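In order, the protein sequence lines correspond to chains D, X and F. Numbering of the first sequence is given in UniProt numbering, commencing with residue 1 and proceeding in unit increments. Numbering of the second sequence is given in UniProt numbering, commencing with residue 1 and proceeding in unit increments. Numbering of the third sequence is given in UniProt numbering, commencing with residue 1 and proceeding in unit increments. The structure under discussion appears below in the form of structure tokens.
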Amino acid sequence: MYDDRQEVLERHMRILEAVLFASNEPLDANSLLPFVGDGARVGELLEALQQRYAGRGVNLVRRGDKWAFRTADDLGFLLRREESETRPLSRAALETLSIIAYHQPATRAEIEEVRGVATGKGTLDLLMEAGWIRMRGRRRTPGRPVTYGTTDAFLDHFGLESLSDLPGMDELKGSGLLSGRLPATLQIPLPFDSALRDDEDPLEPDDLGSDEDHADD
Amino acid sequence: MYDDRQEVLERHMRILEAVLFASNEPLDANSLLPFVGDGARVGELLEALQQRYAGRGVNLVRRGDKWAFRTADDLGFLLRREESETRPLSRAALETLSIIAYHQPATRAEIEEVRGVATGKGTLDLLMEAGWIRMRGRRRTPGRPVTYGTTDAFLDHFGLESLSDLPGMDELKGSGLLSGRLPATLQIPLPFDSALRDDEDPLEPDDLGSDEDHADD
Amino acid sequence: MTTAQTDWFETPTPPADEDVMYVDVDGYEGPLDLLLDLARRQKVDLAAISVLALAEQYLAFIETVREKRIEVAADYLVMAAWLAYLKSRLMVPQARSDDEPSGEMLAAMLQFRLKRLEAMRQAANRLMNLPRLGSRVYARGMPEPMAVTRTNIWEATLYDLLKAYASQRQRGITEDYSPIQRTVWSLHDARDILQRLIGESFEWVAMDSYLVDYLATPAERATVRASSFASSLELVRLGQIDLRQTETFGPLLMRRHKADCS
Chain D
1 MYDDRQEVLE RHMRILEAVL FASNEPLDAN SLLPFVGDGA RVGELLEALQ
51 QRYAGRGVNL VRRGDKWAFR TADDLGFLLR REESETRPLS RAALETLSII
101 AYHQPATRAE IEEVRGVATG KGTLDLLMEA GWIRMRGRRR TPGRPVTYGT
151 TDAFLDHFGL ESLSDLPGMD ELKGSGLLSG RLPATLQIPL PFDSALRDDE
201 DPLEPDDLGS DEDHADD
Chain X
1 MYDDRQEVLE RHMRILEAVL FASNEPLDAN SLLPFVGDGA RVGELLEALQ
51 QRYAGRGVNL VRRGDKWAFR TADDLGFLLR REESETRPLS RAALETLSII
101 AYHQPATRAE IEEVRGVATG KGTLDLLMEA GWIRMRGRRR TPGRPVTYGT
151 TDAFLDHFGL ESLSDLPGMD ELKGSGLLSG RLPATLQIPL PFDSALRDDE
201 DPLEPDDLGS DEDHADD
Chain F
1 MTTAQTDWFE TPTPPADEDV MYVDVDGYEG PLDLLLDLAR RQKVDLAAIS
51 VLALAEQYLA FIETVREKRI EVAADYLVMA AWLAYLKSRL MVPQARSDDE
101 PSGEMLAAML QFRLKRLEAM RQAANRLMNL PRLGSRVYAR GMPEPMAVTR
151 TNIWEATLYD LLKAYASQRQ RGITEDYSPI QRTVWSLHDA RDILQRLIGE
201 SFEWVAMDSY LVDYLATPAE RATVRASSFA SSLELVRLGQ IDLRQTETFG
251 PLLMRRHKAD CS
């Protein structure tokens, strides 16, 4: 009986291993489920598989809700390739990205408030096109501005398991730089990773046209 | 001493694992050597790595002199998915099919004459693919055009016991599908239902290749 | 981490003081950026900078720039105005009744904003230094994509099939059909014509003889006869003509009614 169970687990792990290895995009538990059958506990299988690959040259990593095989961090120096000259992000785009990452959900006005300068529409477009940010919803304030947040592709690109892994997050929280300490105009929301916050409304159908392309799904 | 050696081997295996995983082409031992250092025995390392992955969902396989990770053969089916989509038949296809049903055996020219427009090859292909029509033979006229007829799958799909169940002129009028005022010259033929008609020759061996797939079986 | 990506962080290398005057405002991403750069040059912790000194440097800087070039973005001027106000608040002791925020509070706000911007810059820098996918971490180099075989299942009902057949068989016919335009003699016209033809003739003449010109067209024959007959009955009723038929299906004879005749 125990052996049977063990055998089924092994078979399921092989299957997940094969599917995740084959894909270069992270996959979530739901899209893996059909491969192993409805009864299987994909979450547990994935964790067991992650254990098995811990310490190897290739690791199973979690990116938000998704999982992917990636080369081990510490081998990066060996694997560095001649990178085809990818255009580095502009300073404006970098700052905007980090403000969205650390302050999300953030409206354009909030981003501008932190940077002290207007954000060109092109900057947000560029980050959306890169698949790193997405429109999350609308802030329940006058004008109902769109709120921006990061995507799972952002987590994947920067090798983060979740937003709480953002470097320096605790420090920033501790120093109050992410929390509003000063008058209401300076209030800054804490990063918020779940569906919608109290003061957010879902996007409207019209918004979605341009949103869908960038949504992490 | 032994432990040190073991540790070095482990480290080298991790490196090869990562390099082979990230590479976009199979690699041979020589191109792997620089990653682990000149002293290493890449061949032995690769074989050890292959051992380690034997039986897993992903295997290290050798292709000539080169090595690559590949999904285990027995799991290849995981990477194929069949999707079927139910789609309504286009008007052109419906018209062509109905002409073939009533006028069979019908050549393409005859179909076009009834429809009054040219029938794309695609339409006939589609109906063959659906398994509803088949090539019956060749008309004994100049050019020896192929004659088309319906299949048993056609009868099955449309719930007909035989072609004689297709409603005739009076029934079509009775159901309102044909208007009552039609010139006497308009005739609705009785579909011809058996193997070959007097003016038909059997298909030639060359025809059969493409016919067999669509034959009613 | 590629070198290019650190550019923004490294390049605002504190220029020598005399260079400051020649720094193009366009090189700064807004007044806050410029202020942060000026604050960095105080070479103390941002928490310990002298906001008053910072305000003075900014105002002096903007003044210099304005002397050299006329256009300075409005943002910079708004900030200059705000800093001038801040300076005055810091220098003039706060009156008791004053509802306005104190100079210290304004200074703290400015300091907070500078620290926050600086923090975000450092965060961006740290983010870009992470082992990023494609720079130090790699995905499978030879992914084995899922092959999807798509099969179409065609759907049609017998009704669709019959409708398609019937409609195309009728298509040509329906197009050819055009209602025949019939010329119809109105009763009124028929009466006028009859009266004109009969005129003052008191001889019995067959109706068809009168109408011979009009009966030549087969399509009109029926309407000409019917309307003329109906009109003749009306004329009889009015006592204008006499009408006689000597045998069944025989010709209809008509003549002008003689008023004095009994």
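For glycine and all other residues, C-beta sits at the position ideal for the given N, C-alpha and C. Every value quoted in this text rests on a predicted model; they were computed, and no experiment measured them.
Problem set entry | Rounded straight-line distance, which links the Cα of I15/D to that of D35/D | According to the sequence as given, residue 35/D is Phe; it is not Asp. So the two alpha carbons sit approximately 7 Å from each other.
For this session: Measuring alpha carbon to alpha carbon, tell me which of E203/F, V212/F, R225/F and I241/F ends up nearest A259/F.
Result: From the listed residues E203/F, V212/F, R225/F and I241/F, the smallest Cα separation to A259/F is found for I241/F.
Exercise. Is the region 83-90 of chain X touching the region 147-162 of chain F, taking contact as three or more C-beta pairs under 8 Å?
Worked result: yes
For this session: Report, in whole angstroms, the separation of the C-beta atoms of residue 218/D and R63/D, which I expect to be a contact under 8 Å.
Result: There is simply no residue 218/D to check, as chain D begins at 1 and stops at 217 in what is shown.
For this session: For the beta strand (DSSP E) holding L60/D, just list the boundary residues, first then last.
Result: V58 to R63
Problem set entry | Cutoff 9 Å: R14/X Cβ touching any chain D Cβ | The C-beta of R14/X comes closer than 9 Å to at least one C-beta of chain D.
Problem set entry | Cβ contact check for the region 118-132 of chain D and the region 94-105 of chain D: 3 or more pairs under 8 Å | yes
Problem set entry | Cutoff 7 Å; reference G43/D; Cβ partners in own chain excluding five residues on either side | A29
For this session: Give the straight-line distance between the Cα atoms of D198/D and R138/D, rounded to the nearest whole angstrom.
Result: 11 Å
For this session: Please list, in chain order, all residues of the same chain as R56/D whose beta carbon is under 8 Å from its beta carbon, the five residues on each side excluded.
Result: A72
For this session: Excluding the 5 residues preceding and the 5 following L78/X in the sequence, name in chain order all residues of the same chain whose CB lies nearer than 8 Å to its CB.
Result: If we look at L78/X and ignore the five residues flanking it on each side, its Cβ neighbours are T71.
Exercise. Any idea what DSSP makes of D217/X, helix, strand or coil?
Worked result: Caution is warranted here: a pLDDT of 38 is assigned to D217/X, below 50, making its placement in the model unreliable, and no coordinate value can be reported.
Exercise. Helix, strand or coil: which one does DSSP assign to Y58/F?
Worked result: helix
Exercise. Does the beta carbon of L45/D come closer than 9 Å to any beta carbon on chain X?
Worked result: no
Exercise. When the cut-off is 9 Å and only beta carbons count, does D28/D lie next to chain F?
Worked result: Output row for D28/D: interface = no.
For this session: Compare the C-alpha of D201/D against each of R144/D, A48/D, G122/D and Q51/D and name the closest.
Result: R144/D
For this session: Using alpha carbons as the reference points, say which of K121/D, G174/D, L177/D and A68/D lies closest to G141/F.
Result: A68/D
For this session: Flag this pair as yes or no: are the beta carbons of R115/D and A92/D separated by less than 9 Å?
Result: yes
For this session: Could you check how far apart the C-beta atoms of L197/F and S231/F are, in whole angstroms? I think they sit under 8 Å.
Result: With 8 Å as the limit, L197/F and S231/F do not qualify as a contact, their Cβ atoms being about 11 Å apart.
Exercise. Can you tell me the Cα-Cα spacing of A153/X and S90/X, whole angstroms?
Worked result: Counting only the Cα atoms, S90/X lies some 19 Å from A153/X.
Exercise. Can you name the start and end residues of the alpha helix (DSSP H) that A93/D belongs to?
Worked result: R91 to H103
For this session: Residues of the region 146-164 of chain F with a CB closer than 7 Å to any CB of chain X: list them in chain order, please.
Result: M146, A147, V148, T149, R150, T151, N152, I153, W154, E155, A156, L158, D160, L161, L162, K163 and A164
For this session: Using a Cβ cut-off of 7 Å, pull out every chain F residue sitting near L177/D, in sequence order please.
Result: K115, R116 and A119
Exercise. Tell me, which residues are paired with L27/D by DSSP?
Worked result: W67/D
Exercise. Are the beta-carbon atoms of L86/F and V51/F separated by less than 9 Å?
Worked result: yes
For this session: Just grab the DSSP bridge partners of P202/D for me.
Result: G137/D
Exercise. Considering R52/D, what are the terminal residues of the beta strand (DSSP E) in which it resides?
Worked result: Counting along the chain, R52/D falls outside any beta strand (DSSP E), though it belongs to the alpha helix (DSSP H) covering V42 to Y53.
Exercise. To the nearest angstrom, how far is it from the Cα of Y28/F to the Cα of L34/F?
Worked result: 6 Å
For this session: Check whether the Cβ of E17/D lies closer than 9 Å to any Cβ atom in chain F.
Result: no
Exercise. Is R132/F close to chain X, meaning its C-beta is less than 9 Å from at least one C-beta of that chain?
Worked result: Output row for R132/F: interface = no.
Exercise. Span of the alpha helix (DSSP H) holding I111/X?
Worked result: R108 to R115
Exercise. Along chain D, which residues have their Cβ under 7 Å away from the Cβ of V58/X?
Worked result: E17, A18 and F21
Exercise. Taking Cβ to Cβ, would you say G159/D is nearer than 9 Å to Q122/F?
Worked result: No, these two residues do not count as a Cβ contact at 9 Å.
For this session: Could you list which residues in chain F have their beta carbon closer than 7 Å to that of F158/D, in chain order?
Result: L127, L130 and R132
Exercise. Can you tell me the Cα-Cα spacing of A124/F and L117/F, whole angstroms?
Worked result: 11 Å
Exercise. So is H12/D buried or exposed if we call it buried at 16+ other beta carbons inside 10 Å?
Worked result: buried
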